[in-house]
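Novice:
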């Protein structure tokens, strides 16, 4: 190749060579940042993994040549931002480090980010003055520095931010007068709970007075601070004492009417709130019902300690993300209401809002530690929890295919996909293994307490996966059950209001009957009579009409009659009335696994010593996903 041709070839390759180099620089800067700023949560940032497609909290531009977004709320960062780290991300447009415990002054590293458009540093422990020169960030659209310890005055240089749409400096120690700025694009502002004084400039008087509350400022002719003398606060009319008797009478009557209307309105609102309080938390957006960060997280509290993430959780969000998430109600159960929440980063989680929690903070946290420590393919992991006086929230993974209850009893019609026998076997095996694993936790004392088909899902291997476990220990004694939940309760639970591992076995037996019959635990035959599934199955079997028990959709599959009868026998063994006569959950799991064994495997299993660390592979491909 001629020298000229080689030179042209090299020149043509320069763009492709430079992009990886810039991305590598970004990668090294981020690694320096994470390695030098302590954090309590795991970040999957490694030298060997790709930044743009694998690293948590990172977004790159379309051609994956630069990092443009860094979102790490609630990761547990503590300490000052390391110098010469974030400032090297010269293409960064979005930076979110909110809800951590970062200390020190405003990071000087950020002065180098000339393309920064969105800055979220709220709910940290920053201190010292605000940056004097905001002109370095002419692209800023949103700035949120609230709930920190910033002091000094509001910089006049903010007037250079012509694109700024939202500014939040609330709950700091900013003092002095509000400068007479001109921000033509500003749509939202919050300067409340600072130490500001003087007159609010005219260009800010279009905003409600609440955004200036907690300061000693004057808005128009009125101060936003609490007055000490009402006579000095409200202008007094010269003709106050000269009203006619008719006018006074009219005022009295009007006040009485308004008072009655107001009282009636309060009663209506209270009734509606009480009736719907469990369902209004998420309606399109997460409604801030006693849950806004401003109410549940005070300046002196560490936000990261309020929303606790378990080890191995790769989600990056905080309470504020949950409040802003698009959400829909999935269902109301025994222990609370479940919601599907779509987060800002497009991840979807399930948020469980608990009701009637009787445990105190310490007992609640200890129980959540026990529940969150379970890592098993057939147990839905508890990813995070939130505890406050008014709200207790749990966060789980979202299963897109829905629960077993929806699969069995959901929509009917031509487009419905029936559950075949193999799927029902996998559900039974997986759920049995999951409950057995739960029973092995906490020195063999942990109880699920709410086994039912709406709490069973399918994992990636299409085996049953158990959710909503371990909550009965922190809840108030079980009251009258709602709807179908009544049919799952063991007889002794109805009397004692307390769940046990034995009552879990009973509930699992009802689940097996539900899979075999496709009938709800409590259902109606079309009239006024309410039928309990367990009683109905016993009556049918007693009359020797066993074939009538099974779901008609299962009858289309050949050569499964023996397996269904064997599963029915296992279910009936689980739902015997006396708790001490029920089998243990590991034994139940082993019995279900034996349903689809070959004769050779049965012989080997019966002659071998029982070992919970290994499980057989059956002849039809129903292979164990995870040992007990």
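In mature numbering (1 follows the signal peptide of the UniProt record, and there is no 0), the protein residues as written are -18 to -1, 1 to 610. Quick reminder that beta carbons are idealized off the backbone N, C-alpha and C, glycines included. Since the model is a prediction, treat every value here as computed from it, not as a measurement.
#1: Residues in its own chain within less than 6 Å of residue 337 by CB, not counting five upstream and five downstream?
#2: Here's a check: name, in chain order, each residue in its chain whose Cβ is nearer than 7 Å to the Cβ of residue 299, leaving out the five neighbours to either side.
#3: When you compare the segment 92 to 109 with the segment 118 to 138, are there three or more beta-carbon pairs, one atom per stretch, that lie closer than 8 Å?
#4: Within the same chain, show all residues whose beta-carbon is closer than 8 Å to that of residue 174, passing over the 5 residues directly before and after it, in chain order.
#5: Could you tell me which of 21, 24, 37, 20 sits nearest to residue 8, measuring between CA atoms?
#6: Whose C-alpha, out of 139, 20, 76, is nearest the C-alpha of residue 83?
#7: So the beta strand (DSSP E) residue 170 belongs to, where does it begin and stop?
#8: Applying the 10 Å Cβ sphere with the 16-neighbour rule, what's the burial state of residue 17?
#9: Do the CB positions of residue 613 and residue 420 come within less than 8 Å of each other?
#10: Which residues bound the alpha helix (DSSP H) around residue 49?
#11: Applying the 10 Å Cβ sphere with the 16-neighbour rule, what's the burial state of residue 442?
#12: For the segment 332 to 363, which segments carrying the beta strand (DSSP E) assignment without a break, of at least 3 residues, lie completely within its bounds, in sequence order?
#13: Using DSSP with H/G/I as helix, E/B as strand and the rest coil, what is residue 41?
#14: Per DSSP, what are the beta-bridge partners of residue 513 in this structure?
#15: Is residue 447 near residue 438, with beta carbons less than 8 Å apart?
#16: For residue 171, does the count of other Cβ atoms within 10 angstroms reach 16, so buried, or fall short, so exposed?
#17: In terms of DSSP beta bridges, what is residue 46 paired with?
#18: Straight-line CA distance for residue 13 to residue 303?
#19: Going by Cα to Cα distance, which pick from 48, 142, 415, 291 is closest to residue 659?
#20: Less than 8 Å separating the beta-carbons of residue 542 and residue 574?
#21: Take the Cβ of residue 164 as the centre, count every other Cβ of all protein chains shown within 10 Å, and call the residue buried at 16 or more, exposed below.
#22: Mind checking residue 485: buried by the 16 CB within 10 Å criterion, or exposed?
#23: Would you decide whether residue 188 is buried or exposed? Buried here means 16 or more other CB atoms lie within 10 Å of its CB.
#24: Which term fits residue 566, buried or exposed, when burial requires 16 or more other beta carbons within 10 angstroms of its beta carbon?
#25: My output table needs one value for residue 308: the three-state DSSP class, helix, strand or coil.
#26: Do residue 142 and residue 167 have their C-beta atoms within less than 8 Å of each other?
#27: Looking at residue 323 and residue 341, is the spacing between their C-beta atoms short of 8 Å?
#28: Work out the CA separation of residue 409 and residue 40 for me, nearest whole Å.
#29: State yes or no: is the C-beta of residue 498 within less than 8 Å of the C-beta of residue 549?
#30: So, with DSSP's three-state summary, where would you put residue 574?
#31: Measure the beta-carbon distance from residue 623 to residue 488 and round it to whole angstroms, keeping in mind my assumption that it falls under 8 Å.
#32: With a cut-off of 8 Å on the beta carbons, I'd call residue 88 and residue 105 a contact; round off their distance for me.
#33: In the DSSP assignment, find the alpha helix (DSSP H) that holds residue 425 and state where it starts and stops.
#34: Bridge partners of residue 448, per DSSP?
#35: For residue 78, count the other beta carbons within 10 Å of its own beta carbon; 16 or more makes it buried, fewer makes it exposed. Which is it?
#36: Within its chain, find whatever has a CB closer than 7 Å to the CB of residue 533; leave out the 5 residues flanking it on each side and keep chain order.
Specialist: Quick look at the numbers:
#1: Here residue 337 refers to the residue found at position 355 of the chain shown. Cβ neighbours of residue 337 beyond the five flanking positions: 318.
#2: Along the chain shown, one-based indexing puts residue 299 at 317. So the qualifying residues of the chain are 55, 56, 325.
#3: yes
#4: Against the chain shown, residue 174 aligns to sequence position 192. So the qualifying residues of the chain are 152, 153, 192, 193, 194, 195, 196, 197.
#5: Taking the first residue of the chain shown as 1, we reach residue 8 at position 26. Here the closest residue by C-alpha is 37.
#6: Position 101 of the chain shown holds residue 83. Among 139, 20, 76, the Cα nearest to that of residue 83 belongs to 20.
#7: Here residue 170 refers to the residue found at position 188 when the chain shown is read from its first residue. Taken as a continuous stretch (DSSP letters only), the beta strand (DSSP E) holding residue 170 covers 170 to 172.
#8: Position 35 of the chain shown, counting from 1, holds the residue named residue 17. With fewer than 16 other Cβ atoms within 10 Å, it is exposed.
#9: Missing from the structure shown is residue 613; the chain here goes from -18 to 610 and no further.
#10: Residue numbering aside, residue 49 sits at position 67 when the chain shown is read from its first letter. Segment 49 to 53 is the beta strand (DSSP E) holding residue 49; no alpha helix (DSSP H) there.
#11: Stepping through the chain shown from its first residue, residue 442 is reached at position 460. Residue 442 should be labelled exposed.
#12: none
#13: Within the chain shown, residue 41 is the residue found at index 59, counting from 1. DSSP places residue 41 in strand when its eight states are reduced to three.
#14: Along the chain shown, read from residue 1 onward, the residue named residue 513 stands at position 531. Answer is 505.
#15: Start at 1 with the first residue of the chain shown, and residue 447 comes out as number 465. Start at 1 with the first residue of the chain shown, and residue 438 comes out as number 456. Cβ atoms of residue 447 and residue 438: closer than 8 Å.
#16: Reading the chain shown from its first residue, position 189 is the one you call residue 171. By the neighbour-count rule (16 or more Cβ atoms within 10 Å), residue 171 is buried.
#17: Here residue 46 corresponds to residue number 64 of the chain shown, with the count starting at 1. Answer is none; residue 46 lacks a bridge partner.
#18: For the purposes of this step, residue 13 is taken as the residue at position 31 of the chain shown. For the purposes of this step, residue 303 is taken as the residue at position 321 of the chain shown. Roughly 25 Å separates the two Cα atoms.
#19: Because the chain is modelled from -18 through 610, residue 659 falls outside the range shown and cannot be assessed.
#20: Locating residue 542 in the chain shown gives position 560, counting from the first residue. Locating residue 574 in the chain shown gives position 592, counting from the first residue. No; because the gap between Cβ atoms is not below 8 Å, this pair is not in contact.
#21: For the purposes of this step, residue 164 is taken as the residue at position 182 of the chain shown. Exposed is the call here.
#22: By 1-based counting over the chain shown, the position of residue 485 is 503. Burial call: buried.
#23: Stepping through the chain shown from its first residue, residue 188 is reached at position 206. It is exposed - the Cβ of residue 188 has fewer than 16 other Cβ atoms within 10 Å.
#24: Taking the first residue of the chain shown as position 1, residue 566 is located at position 584. Classification for residue 566: exposed.
#25: Position 326 of the chain shown holds residue 308. Three-state DSSP puts residue 308 in a strand.
#26: Along the chain shown, one-based indexing puts residue 142 at 160. Along the chain shown, one-based indexing puts residue 167 at 185. The answer is no: Cβ separation not under 8 Å.
#27: Along the chain shown, read from residue 1 onward, the residue named residue 341 stands at position 359. Along the chain shown, read from residue 1 onward, the residue named residue 323 stands at position 341. Contact flag unset, no.
#28: For the purposes of this step, residue 40 is taken as the residue at position 58 of the chain shown. For the purposes of this step, residue 409 is taken as the residue at position 427 of the chain shown. Using only the alpha carbons, I get a separation of about 36 Å.
#29: Start at 1 with the first residue of the chain shown, and residue 498 comes out as number 516. Start at 1 with the first residue of the chain shown, and residue 549 comes out as number 567. Contact: yes.
#30: For the purposes of this step, residue 574 is taken as the residue at position 592 of the chain shown. Three-state result, residue 574: helix.
#31: Summary: the structure shown does not reach residue 623, with the chain confined to residues -18 through 610, and so no result is reported for it.
#32: Along the chain shown, one-based indexing puts residue 88 at 106. Along the chain shown, one-based indexing puts residue 105 at 123. At roughly 15 Å, the Cβ-Cβ gap does not stay under 8 Å, so residue 88 and residue 105 are not in contact.
#33: Residue 425 sits at position 443 when you count from the first residue of the chain shown. Start and end: 403 to 426.
#34: Within the chain shown, numbered from 1, the residue matching residue 448 stands at position 466. Beta-bridge pairing links residue 448 to 361, 438.
#35: Counted from its first residue, the chain shown places residue 78 at position 96. Buried, because 16 or more other Cβ atoms sit within 10 Å of the Cβ of residue 78.
#36: Position 551 of the chain shown holds residue 533. The residues are 498, 499, 500.
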